[in-house]
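What follows is a single structure, written as structure tokens, with notes after it.
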Amino acid sequence: MARRRGGSASPAPDPPARAVLAGVVLATLLLSAGAASAQSGTFRLSGYLEHQFSLAETPDGWTHTDYDRLRLDIEGRAGRGVSASAAVVWQIYRGRTRIDLRDVVPAALRDQVPRGVTFTIDDRQFLNHAYVALYAGPFTVTAGKQYLAWGRGLVFNPTELFRPKILFDPGYEREGVGALSATVEAGTLSDVALVYVPEEAWRTSAKVARARSHLAGFDVSALVAETWDDDAVGELLGAPDPLRRRYTLGGDISGELPGVGIWAEGTWSTRDDGDWVELIVGGNTTLPGNVLLNIEGYFDGRGEWAKRYPVEEWLAVAVGERRTIGRGLLFGSLSRPTGDLLTLAVAGLGNLGDGSVALLPNARYSFAENVDLFLQLVLAVGPDGSEFGTQGHGGFIRGRVYF
Amino acid sequence: MTTTRSPVLLLAAAVALGTAPLAAQSVDDPAEILRRVDANLTFETAYSRSRMIIHYRAGDVRTLEFEAWAIGEERSFIEFTAPARDAGSRFLRLEDVMWYYLPRVGKSVRIQGHMLRQGMMGSDFSLGDATENPSLVDDYDAVIEADSTLDGRPVRVLSLTATSDDVSYASRRVWVDTERWVPLREERYARGGRLLVTTSLGDVRRVDGRWYPFRIEMDNALQTDTRTVLETEELRLNIDVPERYFTLRHLERP
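Those protein sequences? They're chains A and B, same order as listed. Everything in the first sequence is counted per the working numbering, starting at -7 for the first residue and increasing by one. Everything in the second sequence is counted per the working numbering, starting at 167 for the first residue and increasing by one.
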């Protein structure tokens, strides 16, 4: 979701005509490249068209937002030891695209949010990823906007430093991160990666070192990172704090016991305003009837056990600075992944401190070979002021056609 | 070098039992029959290109295409190339551990052992079928039930009982072509006697001195709405397969 921060004077979206023109030009270039390269057989062009319609309960009643999303992927091998991959996305929103921040906090805290402070969901045209990878022996160097998707967690990923998952839709794709990375392979299942994510200056650019291996039947990884957190809430309210340097140590482990898959992932972070730990522990098993059970618990040292969360915490979640507000959360899901065209599942997120729950029943239907439909409801259980009870009910239906 | 027993490398590992160039003769020892069947699975390296056609009871048909490489029994790599929805999905198996790469997320995940009964990409071929390369003679005791014919071929029907709890199926019935030593039909049962999987093998062709079934049909009782046909379009045995294919880096390669 594209968010532009700002007060009531937030800039208007780009003119649609300009966006369309840019899209047409880029599509033409991509299609030309695909057509030309198809002759040599080294490039592949693919993508999808997606539409999502969503409903949400707000203090003003039910509102809806929908979008159209077109993604074009191109990938290929430019020669021995060189590959390239890119995807461009156009995403156009309709419906309620301007969110009043007073609507995302409990009624009791509404007066603490200045009137007229909003963020908008803008149409976007962007490169989802675009990188070139060079291989030489055990070395791989990747330059460009690339996937930096780490960790074993199903819903919560403390080691996902750059592109955290969407809480109610964790399986949804996330765009890449502009970076330069170098990986050294140290065996079949072991490697060490150094990642540099450039910002305005070397000092404020992110640096990450990550190693992974397979030990005693378990997949393990460890990372150390220096990143810089911006103050999205302060920016929105017109009083941003300076960037804050953050150091993180973390890792994950996954493996299995007889009949049960298990995993854990955690980080310890330190910043000038304090230290905190994030930790998950999860497991899954197959129940009779080929029903898959997933459970994952999450502890966030920054969160609160109390029901009266401060307004800053609500705003941090609203603008994407934080994914959750509570200190302890539990995720569970039951699904039956079979060859059937229709897959039904029910999932739930619970806040262990305030007792609120978001129930997420969903259905996935394979309408045709390259057509998927996905329906998910969000049923909020809990009083106003609780993490999930404040959000209200909602849901969405999403259709995607691949080509 | 170790050898692989999986003619279709992954999906058909436990069902497609190729045939060694053994002379047709009467064999009354069931263990010897299993040895001959097992011997047919022995390849050092292999590459295949196949189509997996999933037939739904409601009439829908979905076709997936993939390529697969294997070295020995322990290492396999498979990449789906069609349809567009699944293109780029990859599986890596190293011994008894398997990983799955999600192309649009740019991430690989480990597949837990208890999930191996689930159908691969919605097909009747379970992930376990993809990872398990059982040695029938080592894992099962066999008795000869009967001699018969199947699809015009002379077959000997064997009843197999597992010798340990480590295998996925407690018992099997196998219809073995006694001239080509190719199983033409197989039934696999759970410990309680429930029929789990039925396979039919056909389009047997000679490849590299062996008889090989290029068409395998599987009906998995856990996939109630489907049956799946696996058609091998290209098969190359004992070729050079790069070792680097069987690494996490290759699985997650850009």
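Positions of the beta carbon are idealized from the N, C-alpha and C atoms, including for glycine.
Same chain, Cβ closer than 7 Å to residue i, neighbours up to 5 away in sequence not counted
i              : result
A70 (chain A)  : A76
L333 (chain A) : Y357, S358
L367 (chain A) : N354, A355, I389
V169 (chain A) : K137, Q138, L140, F154, R155, V189
A28 (chain A)  : Reliability fails at A28 (chain A), whose pLDDT of 44 lies under 50, so the model's placement of it is uncertain and no value is given.
Buried or exposed by the 16-neighbour rule on C-beta atoms within 10 Å, applied to residue i
i              : result
G129 (chain A) : exposed
A193 (chain A) : exposed
V321 (chain B) : buried
G108 (chain A) : exposed
L249 (chain A) : exposed
S330 (chain B) : exposed
Y306 (chain B) : buried
Y123 (chain A) : buried
K199 (chain A) : exposed
E270 (chain A) : buried
E399 (chain B) : exposed
H121 (chain A) : buried
Y394 (chain A) : buried
W397 (chain A) : Absent from the structure is residue 397 (chain A), since the part of chain A shown begins at -7 and ends at 395.
R224 (chain B) : This sequence places Ala at residue 224 (chain B); Arg is not what is there. A224 (chain B) is exposed by the Cβ-count criterion.
Cβ-based neighbour list, residue i, same chain, cut-off 6 Å, excluding 5 preceding and 5 following
i              : result
S325 (chain B) : V309, E311, R339
D65 (chain A)  : S38, G39, A79
V133 (chain A) : L126, A174
G289 (chain A) : V273, L322
L22 (chain A)  : In this prediction, L22 (chain A) has a pLDDT of 48, which is less than 50 and means its spatial position is unreliable; what the coordinates show is noted afterwards. Counting only Cβ-Cβ distances below 6 Å, and skipping sequence neighbours, we find L64, I66.
I244 (chain B) : L176, F232, A234, F257
S327 (chain A) : L284, A337
N386 (chain B) : D290, V363
L172 (chain A) : A135, Y188
G342 (chain A) : L322, V349
P219 (chain B) : Sequence inspection shows Ile at residue 219 (chain B); the Pro mentioned does not correspond to that position. Same-chain partners within the cutoff: T229, V395.
R238 (chain A) : T219, D221, S261, R263
E305 (chain A) : I317
V216 (chain A) : A201, L241
For residue i, the three-state DSSP class (helix, strand or coil)
i              : result
P353 (chain A) : strand
V80 (chain A)  : strand
G288 (chain B) : helix
D374 (chain B) : coil
P250 (chain A) : coil
H43 (chain A)  : strand
F412 (chain B) : helix
R202 (chain B) : helix
D264 (chain A) : coil
G226 (chain A) : helix
A308 (chain A) : helix
G279 (chain B) : helix
G318 (chain B) : coil
A312 (chain B) : strand
R155 (chain A) : coil
R94 (chain A)  : helix
V305 (chain B) : According to the sequence displayed, residue 305 (chain B) carries Asp and not Val. Residue state, collapsed to three classes: helix.
D369 (chain B) : strand
Cβ-Cβ separation, residue j to residue i (assumed contact under 8 Å), whole Å
i              : j              : result
D95 (chain A)  : P51 (chain A)  : 5 Å
G374 (chain A) : V338 (chain A) : G374 (chain A) to V338 (chain A), Cβ: 18 Å. No contact.
H385 (chain A) : E177 (chain A) : 48 Å between Cβ atoms; not a contact.
S255 (chain B) : L414 (chain B) : 15 Å between Cβ atoms; not a contact.
R57 (chain A)  : R88 (chain A)  : The sequence given here places Thr at residue 57 (chain A); Arg does not occur at that position. Indeed, because the Cβ distance is near 5 Å, the residues count as touching under 8 Å.
G324 (chain A) : N286 (chain A) : 7 Å
H280 (chain B) : G251 (chain A) : 5 Å
D244 (chain A) : E257 (chain A) : 4 Å
Per DSSP, the bridge partner or partners of residue i
i              : result
I138 (chain A) : Note on identity: in this sequence residue 138 (chain A) is Gln, with Ile being the wrong assignment. A:V169.
F160 (chain A) : DSSP output for F160 (chain A) lists no bridge partner at all.
A458 (chain A) : Summary: the structure shown does not reach residue 458 (chain A), with chain A confined to residues -7 through 395, and so no result is reported for it.
T89 (chain A)  : In the DSSP output, where bridge partners are listed per residue, T89 (chain A) has none listed.
H56 (chain A)  : A:L47
P269 (chain B) : Paired residues: none, contrary to the question.
H385 (chain A) : Answer is none; H385 (chain A) lacks a bridge partner.
N386 (chain B) : B:V363
Y301 (chain A) : Y301 (chain A) pairs with nothing; no bridge assigned.
S38 (chain A)  : A:D65
Residue i CB to nearest heavy atom of the ligand SAH below 8 Å
i              : result
Y394 (chain A) : With respect to small molecules bound, the structure shown includes none, and the ligand SAH cannot be examined in it.
Residues near residue i in its chain [Cβ-Cβ closer than 8 Å; skip 5 each side]
i              : result
I405 (chain B) : T211, A212, Y213
L369 (chain A) : L351, L352, P353, N354, H385, G386, G387
Proximity test, Cβ basis, 9 Å: residue i and chain E
i              : result
T240 (chain A) : Absent here is chain E; the protein component of the structure consists of chains A and B.
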